[in-house]
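**Q** First residue of the sequence shown: 1, per the numbering used here; consecutive thereafter. From the three backbone atoms N, C-alpha and C, an ideal C-beta is built for every residue, glycine too. These figures come from a predicted structure and were not determined experimentally.
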Amino acid sequence: MSEHLQPAEKPVTESDEFIAQQLEGASIPTLMMSIIHLSGDTSLLRGSIRPKVVMGSGFQGNLSEEEQATVRALALKALKDYRDRGCTLPKQPDAALVHEMMNFMVGDVVGDEYVPLMLEELALDGNDSRAPRWSREVPAAVREKFHVLVIGAGMSGLLQALRLKEAGIPFTVVEKNDSVGGTWYENRYPGCRVDIANHFYSYSFEPYPWSEYFSRRDELLEYFRHFVKRHGLETHIRYNTEVTAARFDEETSTWDVDLKSNTGGAPRKMRVNAIVSAVGQLNRPRIPAIAGREKFKGVQVHSAEWDPKLDLTGKRVAVIGSGASAFQLVPEVAKIASKLFVFQRSAPWMLPNPLYHEAVSTQFRWLVQHVPYYARWFRFLIFYPGSDGILPAIRIDKSYPHPERAVNALNDQYRAGLVEYMRHQVNGNLALLEKVTPKFPFMGKRMLQDNGSWLRALQQPNVELICEGVTQIDETGIVASSGHYDVDVIVYATGFHATKFLWPIEIVGRGGKNLAEAWGDEPRAYLGITVPDFPNLFCLYGPATNLAHAGSIIFHSECQVRYATACIQALLENGVKAMDVKPEVHDDYTRRLVAELETLVWSHPAADSWYRNKSGRVVTTSPWRLADYWKWTRSPDLTEYRLTS
1 MSEHLQPAEK PVTESDEFIA QQLEGASIPT LMMSIIHLSG DTSLLRGSIR
51 PKVVMGSGFQ GNLSEEEQAT VRALALKALK DYRDRGCTLP KQPDAALVHE
101 MMNFMVGDVV GDEYVPLMLE ELALDGNDSR APRWSREVPA AVREKFHVLV
151 IGAGMSGLLQ ALRLKEAGIP FTVVEKNDSV GGTWYENRYP GCRVDIANHF
201 YSYSFEPYPW SEYFSRRDEL LEYFRHFVKR HGLETHIRYN TEVTAARFDE
251 ETSTWDVDLK SNTGGAPRKM RVNAIVSAVG QLNRPRIPAI AGREKFKGVQ
301 VHSAEWDPKL DLTGKRVAVI GSGASAFQLV PEVAKIASKL FVFQRSAPWM
351 LPNPLYHEAV STQFRWLVQH VPYYARWFRF LIFYPGSDGI LPAIRIDKSY
401 PHPERAVNAL NDQYRAGLVE YMRHQVNGNL ALLEKVTPKF PFMGKRMLQD
451 NGSWLRALQQ PNVELICEGV TQIDETGIVA SSGHYDVDVI VYATGFHATK
501 FLWPIEIVGR GGKNLAEAWG DEPRAYLGIT VPDFPNLFCL YGPATNLAHA
551 GSIIFHSECQ VRYATACIQA LLENGVKAMD VKPEVHDDYT RRLVAELETL
601 VWSHPAADSW YRNKSGRVVT TSPWRLADYW KWTRSPDLTE YRLTS
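What follows is the structure, given as structure tokens:
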């Protein structure tokens with residue numbers, strides 16, 4: 001059993017009264033699963049108290065107060081017995097019973113395709129089955145001659161580092177910043193937080209007692225720093241170091257890598273056997289080419305390059321953009337700025353979520369740490385209901401009579417519900433409602449979590465929403481078609497160069513092939529991971545692997561890291577120097593990928609987003625069901641690869 005996947009992190013030793021008090025903060029469907037583990041009694045699954053709806057029910061399955069009280073009483077008895085017998089557990093459920101528990105908990109049938117995936121996620125046997133395993137013995141002396149370079153020490157790079165360490169394969173991580181954390185180190189603007197529930201936005205094998213349901217940047221950064229320390233990865237990381245170029249040597253089947261120091265040191269070179277790129281999609285800030293930017297006498301800052309010393313109190317501020325960063329930043333700036341102008345190119349769709357800024361109660365945190373399997377089942381509760389279920393609502397029905405507002409009838413229903421949600425917040429201001437209602441179908445761009453803070457901010461007397469483009473910038477502010485806006489600070493919440501994968505690194509593969517030239521404006525990779533003619537190069541969060549319809553990017557990263565690690569192991573197990581995907585395999589995958597993407601809402605003409613390249617084709621985001629991508633990335637099929645002996 002993994003030390004990180006124990007039934008509970010801590011034993012139960014507290015009094016009956018204390019335990020009863022903690023149970024007041026429980027998710028009842030989650031608690032019901034723990035009762036079965038604690039007691040071995042499965043009668044709950046056939047009883048009258050049954051969760052009915054999960055999504056939007058505050059994690060309580062729409063159970064009545066009386067039903068919840070009954071379950072808490074059962075849990076108190078089970079926990080007292082567990083405590084008094086020394087925190088031992090009866091025989092645990094088999095796979096068939098766990099499947100029945102899944103169905104019961106979500107009030108639905110968990111499809112057979114999803115059961116193996118969810119069993120792996122739950123890890124009730126305490127085994128981290130995504131950890132690397134060798135199919136045949138490879139002597140340490142052979143492994144020690146194979147060195148892997150991991151580019152980036154963000155979420156994916158750190159996970160890759162751990163898996164290589166577990167496999168006993170030498171590696172070095174280079175990181176351009178002076179800390180780990182990636183996006184959670186670089187982004188430090190006011191209000192910065194994750195928009196995927198944190199008990200799911202974390203490694204499957206590394207639970208954490210989060211203080212909020214959607215944690216702020218500082219706690220996320222601490223999670224990844226703690227991860228590095230806990231797993232002893234620090235000595236493998238070179239900070240303030242960037243890869244500028246990598247060239248594949250066909251004679252030796254190795255990569256020659258050029259490194260530069262960001263602190264003024266001399267350039268260096270490194271020779272490695274494989275490269276794993278973990279540079280991400282959202283790490284090179286994009287500032288639009290607005291005429292006159294250089295003339296502005298005030299402060300200009302991109303949201304991803306925030307100066308923590310910047311004080312906006314009493315300042316006149318312009319925020320250009322209304323995407324995810326602006327959505328978090330604007331409500332905070334509105335509290336302190338004397339005047340705030342929000343320049344909105346495109347209004348975002350918002351998902352109602354009253355928990356978005358909510359702290360996790362001390363009761364809930366106690367349950368997560370002390371009640372056997374509570375944390376594992378709560379993760380399932382927030383993972384499974386959102387797994388691929390939205391796909392029918394985002395598939396384009398070419399016969400639908402209202403393509404200007406929706407892609408199908410179900411999509412239109414969602415749209416109507418969200419418009420009504422906004423209507424209730426604008427206090428009769430129909431002009432504002434018109435401004436904040438998106439002009440593209442539901443789910444056409446990144447969905448944002450909302451607890452009302454965005455529209456409250458826009459209605460503050462010191463805030464003005466401007467729905468027109470910026471034509472130029474001068475010495476004192478911003479010029480738009482409606483006039484001139486004097487400001488002291490301009491904040492660019494304008495996103496990233498998301499479609500420029502691995503940019504600005506120069507990658508040269510077999511036959512002198514340049515990756516940037518091969519990709520052009522339409523980067524593609526098999527499974528988003530490997531590219532023909534670039535042997536032993538593996539991408540994490542590569543082309544078409546962003547998730548916009550389900551899951552979390554950490555789940556996808558775990559799939560990709562498992563695949564990349566298994567490829568590296570296969571090289572060593574088979575005495576092979578290099579592998580690259582066959583062009584016909586890559587091209588067939590690309591055809592299927594493009595065809596699938598064209599059936600989904602992100603390809604709608606009005607859904608102009610960072611998912612798409614200049615030609616309007618989706619290049620960043622995955623159309624696949626989670627169950628399919630998980631299955632495809634469990635292990636590489638070597639017949640799909642060209643192997644160099």
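1. Determine the contact status of T244 and K229, defining contact as a CB-CB distance below 7 Å.
2. Cβ atoms of S552 and F205: under 7 Å apart, would you say?
3. What do you get for H302, buried or exposed, if any count of 16 or more other CB atoms within 10 angstroms of its CB means buried?
4. Compute the beta-carbon to beta-carbon distance between A498 and T620, rounded to the nearest angstrom, for a pair I have assumed lies under 8 Å.
5. Just the Cα atoms here: how many angstroms apart are G512 and A246?
6. Measuring straight from C-alpha to C-alpha, what distance separates L79 and G25?
7. What are the partner residues of T644, as DSSP defines its beta bridges?
8. Identify which residue in V491, E522, E517, A516 has its Cα closest to the Cα of I287.
9. Who pairs with D258 in a beta bridge, going by DSSP?
10. Can you say whether D84 is buried or exposed, counting buried as having 16 or more other CB atoms within 10 angstroms of its CB?
11. Can you pull the DSSP bridge partners for W508?
12. Helix, strand or coil for I275, going by three-state DSSP, please let me know.
13. Rounded to the nearest angstrom, what separates W184 and E234 at their Cα positions?
14. Quickly, what does DSSP pair P352 with across the bridge? List them, please.
15. Is the beta carbon of N353 less than 7 Å from the beta carbon of N427?
16. From this set, A304, Y526, T476, V173, which residue's C-alpha is nearest L329's C-alpha?
17. Within 10 angstroms of the Cβ of E186, are there 16 or more other Cβ atoms? Answer buried if so, exposed if not.
18. For a test of the three-state rule: what should DSSP assign to A131, helix, strand or coil?
19. Is the region 390-410 in contact with the region 40-52, if contact means three or more CB pairs nearer than 8 Å?
20. If we call anything under 7 Å between Cβ atoms a contact, is I35 one with L63?
21. Classify T30: buried if its beta carbon has 16 or more other beta carbons within 10 angstroms, exposed otherwise.
22. Bridge partners of L285, per DSSP?
23. Among D488, Q459, S453, S635, which has the Cα closest to the Cα of L527?
24. Would you mind listing the alpha helix (DSSP H) stretches within the region 96-124 that are 4+ residues and don't spill past its ends, in chain order?
25. Of all the alpha helix (DSSP H) runs that stay within the bounds of the region 427-481, which reach a length of 4 or more residues?
26. Is the beta carbon of S481 closer than 7 Å to that of E468?
27. Is the beta carbon of G152 sitting closer than 7 Å to the one on V12?
28. Pick from K445, D125, E17, Q21: whose alpha carbon is nearest that of P372?
29. Can you grab the Cα-Cα spacing for the pair S609 / P285, in whole Å?
30. Just to confirm before moving on: does the CB-CB distance between A316 and D488 stay below 7 Å?
31. Quickly, what does DSSP pair G483 with across the bridge? List them, please.
32. Quick check on F227: does DSSP put it in helix, strand or coil?
**A** Answer, in terms of the structure:
1. no
2. no
3. It is buried - the Cβ of H302 has at least 16 other Cβ atoms within 10 Å.
4. 5 Å between Cβ atoms; contact.
5. CA-CA distance, G512 to A246, rounds to 11 Å.
6. 15 Å
7. In the DSSP assignment, T644 forms a beta bridge with A578.
8. V491
9. A245, K269
10. exposed
11. Before going on, a small fix: residue 508 reads as Val here, not Trp. Note: V508 sits in a beta bridge opposite R247, N514.
12. strand
13. 18 Å
14. D450
15. No, the Cβ-Cβ distance between N353 and N427 is not below 7 Å.
16. A304
17. buried
18. coil
19. no
20. no
21. buried
22. It should be noted that the sequence gives Pro, not Leu, for residue 285. The bridge partners DSSP lists for P285 are F496.
23. S635
24. 115-122
25. Within the region 427-481, the complete alpha helix (DSSP H) runs of at least 4 residues are 430-436, 453-458.
26. yes
27. no
28. D125
29. Cα atoms of S609 and P285: separation of roughly 15 Å, rounded to the nearest angstrom.
30. Strictly speaking, residue 316 in this sequence is Arg, with Ala absent from that position. Result yes, Cβ atoms of R316 and D488 sit closer than 7 Å.
31. A480
32. helix
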